[in-house]
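Presented below is the structure to which this report refers.
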Amino acid sequence: MALKIRLTRGGAKKRPYYRIIVAEATAPRDGRFIEKLGAYNPMLPKEHADRVVLNAERVKHWLSVGAQPTDRVARMLGAAGVIPAPKYRETPTQSAPKKKAQERAKAAAAAAAAAE
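Residue 97 in full-length UniProt numbering is what sits at position 97 of the sequence shown, and the numbering runs on without skipping anything.
Written out as C-alpha cells, the structure is:
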C-alpha cells in the first residue's frame with residue numbers, strides 16, 4: 001500500500017480550497033483518504049498565517065511510516081520547516097537560448113558597449 005500526502009480540492013467554482021491529506025496512491029483525488037493533516041487556501045495572500053495550516057506532528061509521523069508528499073505538498077512542507085525544502089529550477093533549461101543564439105547575443109552586447 002503506497003501512501004501519498006497530497007491535496008484534495010474543495011470549495012466553490014473559481015474559489016478553491018484544498019485539504020492536505022494522507023491517502024493511498026490509487027484513491028481518487030477527492031475520494032477516500034486516511035487522515036486530514038491540514039488545509040491550504042490559495043485565495044489568501046502569501047504572507048497570511050492561515051494560507052497553509054499543518055499538523056506538523058502528524059505529518060512527521062506519516063513521513064516516518066513511508067508516505068511520500070507530492071511536489072506541491074513537499075514545497076509547502078519545506079516552507080513550514082517540516083522537511084528540507086526541495087530544490088526547484090526557476091526556468092527550465094530546455095527553453096533557454098541555444099549556443100549560437102547566446103553567441104549572437106554576446107556579440108550584440110559587445111557591439112553596443114563598444115558603440116557607447
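Glycine included, each C-beta is placed from N, C-alpha and C at the ideal position. None of these values were measured; they are calculated from a predicted model.
Between residue 39 and residue 2, the CB-CB gap reaches or exceeds 8 Å. By the criterion of a C-beta distance shorter than 6 Å, residue 21 is surrounded in its chain by 8, 33, 36, once the five residues flanking it on both sides are discounted.
In the structure shown, residue 66 adopts coil according to DSSP, grouped into three states.
In the three-state reduction of the DSSP assignment, residue 25 falls in the coil class.
A Cβ-Cβ separation of about 4 Å places residue 5 in contact with residue 69 under the 8 Å criterion.
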